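In the UniProt record's numbering, the protein residues as written are 1 to 684. Read through the structure below, which is laid out as structure tokens, and then see the notes.
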């Protein structure tokens with residue numbers, strides 16, 4: 001037996017969250033399918049297949065329920081939804097209405113024909129899915145239509161079916177638009193690339209590119225794949241997926257994303273990732289994974305909807321079967337009961353949350369905010385504190401060595417020893433030591449790191465370390481130098497050999513240009529920013545003052561354990577969002593109410609975080625988008641419940657008929673979907 005393989009499929013005909021549940025249940029019962037996950041928002045099914053034959057069995061199982069399973073990339077074009085049935089039913093309804101004006105005797109037959117033809121696809125779907133869901137909307141509409149015809153309300157029966165089919169078409173169109181918007185990023189990649197070869201340039205299809213190829217990107221063209229600039233300078237616009245409106249200058253050594261637009265200048269880029277496996281593909285994958293993870297609001301609404309439908313159906317049974325025994329008017333009460341049957345469907349309520357979450361995730365992907373789950377998007381709206389790491393988050397994360405103060409050794413010897421230790425460390429200060437001009441590193445071995453203290457190695461047979469000065473027992477003259485340099489705002493590292501201080505290395509890191517505006521924007525949103533750093537207090541205060549932080553908002557000299565404890569405390573005082581980029585931030589990112597990692601940071605930080613940020617400037621957008629999405633969720637729930645409640649009451653009072661009951665569901669469904677789509681066009 002082969003190992004389970006994950007395959008991705010498109011599911012056609014799945015137009016509500018209830019449909020997705022039915023599809024998932026059916027697929028999980030197919031022999032050979034180890035696990036099936038279905039997302040209504042993306043319209044996709046993710047199947048772990050034990051044997052290749054299971055794919056055919058899965059397709060047959062869904063076909064019997066009225067759905068179609070197609071491999072991704074083989075989607076069928078054309079208008080979505082049952083538009084042909086709606087067109088035929090509407091045409092017959094119009095003909096019956098005209099007949100009522102000129103040939104009244106034929107009108108009832110015309111209405112019956114319009115109703116029967118329109119209800120046929122609904123009845124077929126209802127029969128196919130009855131075992132999985134006896135209370136589906138198709139079943140309820142079929143019962144209401146046939147019931148209306150039995151009591152002589154042929155015209156209303158035909159109108160109910162037609163309005164429902166139109167609602168399904170509009171709903172399917174809205175869902176298709178949402179799904180297209182969600183994955184519009186993949187369309188940014190060009191169809192061709194200009195690959196450099198000996199003797200000139202050749203134009204090749206995008207799929208022909210390989211890692212290591214050199215491609216030329218002229219002005220006005222999009223970069224075909226993720227890579228590094230090896231020649232040229234240009235202004236590159238990345239607004240489509242970073243949310244940054246202004247183009248950025250790119251030159252030799254800079255990284256560029258596939259899909260970014262070269263506005264001015266020309267670049268030669270070395271391909272580092274295949275176009276189908278690049279940054280845009282990663283964003284789409286993260287969005288899809290996010291849609292599979294339900295938010296708390298979605299789970300609550302699902303639980304409510306499972307109780308709502310049986311309750312309203314029980315009320316319909318009481319109105320149609322019990323009340324006539326005491327109040328008479330059997331046909332009148334049956335008519336009211338048929339209206340209640342239509343109102344019993346929870347489709348609009350079930351869709352209200354996932355539709356908004358999907359739109360929020362999709363909008364975030366185009367604003368430089370990668371939500372990994374709907375729950376993260378939901379939780380972010382409620383946090384009170386924002387804890388920010390310093391190096392690599394509020395700064396560029398590229399400190400440079402600017403001064404070396406030695407104690408009994410030459411500057412050249414101190415640098416050679418320091419570079420030997422730095423060879424085995426990934427810390428930003430170690431990288432700055434390696435990149436500093438001067439002598440080469442001395443041979444080193446047995447590299448190790450001590451959290452909260454520093455990095456060590458054996459150099460020329462002796463233990464040498466780069467450590468935090470405040471964690472070391474310092475002689476008076478060294479301590480005086482540490483104090484003087486710290487007051488100037490430098491980050492410091494102490495070079496020691498066999499425990500003896502040899503030199504102080506002073507570093508400077510440049511604050512991000514957008515840091516001050518980001519902090520100001522966070523305050524305007526009512527959030528309290530806090531700087532958490534392992535640097536000395538004087539260095540942290542110097543940076544904080546430069547970017548607009550107040551002294552009471554700075555926590556300096558923290559170890560990774562200290563950061564973790566502080567984040568736990570803030571999480572219990574109203575919720576905290578932790579923003580970081582390094583390995584030492586990973587525990588705090590995982591423990592925070594919501595962890596956000598800057599995409600330029602380490603892979604460990606990105607994996608530990610709930611949200612990825614393509615830049616620090618995207619941080620306020622993440623909060624605004626989260627709040628906007630949750631506002632839309634509340635609006636959708638109010639619309640769905642409010643319309644159902646209004647028409648439930650008006651039906652019981654006899655003020656509205658069957659057509660209004662259809663509007664209570666189909667109309668609400670279209671409204672909540674359209675309201676959710678607003679997020680895709682919103683400014684964040």
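Using N, Cα and C, we set each Cβ at its ideal position, and we do this for glycine too. Please read these numbers as outputs of a predicted model, since none were measured by experiment.
According to DSSP, is residue i helix, strand or coil?
i: residue 554; result: strand
i: residue 333; result: helix
i: residue 257; result: coil
i: residue 650; result: helix
i: residue 21; result: helix
i: residue 440; result: coil
i: residue 198; result: coil
i: residue 412; result: helix
i: residue 496; result: strand
i: residue 381; result: coil
i: residue 66; result: coil
i: residue 149; result: helix
i: residue 400; result: strand
i: residue 676; result: helix
i: residue 615; result: coil
i: residue 623; result: helix
i: residue 596; result: strand
i: residue 265; result: strand
i: residue 664; result: helix
i: residue 642; result: helix
i: residue 317; result: helix
i: residue 338; result: helix
Closest to residue i by CA distance: which of the options is it?
i: residue 323; options: 337, 411, 283; result: 337
i: residue 684; options: 365, 351, 52; result: 365
i: residue 549; options: 231, 387, 353, 342; result: 387
i: residue 66; options: 36, 51, 12; result: 12
i: residue 498; options: 43, 507, 464; result: 464
i: residue 63; options: 95, 27, 94, 522; result: 27
i: residue 173; options: 682, 673, 678; result: 673
i: residue 685; options: 335, 68, 201, 270; result: The structure shown does not extend to residue 685, since the chain spans only 1 to 684, so no value can be given for it.
i: residue 117; options: 134, 145, 502; result: 145
i: residue 346; options: 637, 209, 682; result: 637
i: residue 88; options: 103, 137, 159, 327; result: 159
i: residue 70; options: 8, 114, 112; result: 8
i: residue 468; options: 460, 427, 446; result: 427
i: residue 450; options: 425, 459, 442; result: 425
i: residue 122; options: 112, 496, 138; result: 138
i: residue 227; options: 561, 300, 278, 381; result: 278
i: residue 470; options: 558, 356, 299, 162; result: 558
i: residue 663; options: 111, 642, 634, 399; result: 642
Contact check, residue i vs residue j under 8 Å by CB: the rounded distance?
i: residue 236; j: residue 247; result: 6 Å
i: residue 620; j: residue 680; result: The pair is not a contact, with the Cβ atoms about 19 Å apart (cut-off 8 Å).
i: residue 352; j: residue 429; result: Wrong, their Cβ atoms sit about 50 Å apart, outside the cutoff.
i: residue 191; j: residue 213; result: Actually they are not in contact, since the Cβ atoms of residue 191 and residue 213 sit about 16 Å apart, beyond 8 Å.
i: residue 418; j: residue 405; result: The Cβ separation is near 12 Å, so there is no contact.
i: residue 260; j: residue 222; result: 7 Å
i: residue 354; j: residue 40; result: 6 Å
Use the C-beta contact count for residue i: other C-beta atoms within 10 angstroms, 16 or more gives buried, fewer gives exposed.
i: residue 44; result: buried
i: residue 645; result: exposed
i: residue 510; result: exposed
i: residue 10; result: buried
i: residue 131; result: exposed
i: residue 109; result: exposed
i: residue 208; result: exposed
i: residue 102; result: exposed
i: residue 512; result: buried
i: residue 373; result: buried
i: residue 325; result: exposed
i: residue 493; result: buried
i: residue 211; result: exposed
i: residue 382; result: exposed
i: residue 318; result: exposed
Any chance the CB of residue i is under 6 Å from a heavy atom of the ligand SAH?
i: residue 575; result: You won't find the ligand SAH in this model; it holds no ligand whatsoever.
Contact criterion: CB-CB distance below 7 Å. Does residue i meet it with respect to chain D?
i: residue 550; result: Among the protein chains of the structure shown there is no chain D, as only one such chain exists.
Worksheet item: Touching or not, the segment 23 to 39 and the segment 47 to 57, by the rule of three or more beta carbon pairs under 8 Å?
Response: yes
Worksheet item: Does the segment 433 to 444 come close enough to the segment 523 to 543 to have 3 or more Cβ pairs within less than 8 Å?
Response: no
Worksheet item: Pairing CB atoms from the segment 300 to 311 with CB atoms from the segment 267 to 283, are three or more of them under 8 Å?
Response: At 8 Å Cβ cutoff, the stretches do not touch.
Worksheet item: Would you say the segment 402 to 415 touches the segment 617 to 635, given that touching needs at least three Cβ pairs under 8 Å?
Response: Contact between the segment 402 to 415 and the segment 617 to 635 is absent, with fewer than three C-beta pairs closer than 8 Å.
Worksheet item: Is it true that the segment 593 to 600 meets the segment 574 to 583, where meeting means three or more beta-carbon pairs spaced less than 8 Å apart?
Response: yes
Worksheet item: Any chance the segment 653 to 672 sits against the segment 551 to 564, with 3 or more Cβ pairs inside 8 Å?
Response: no
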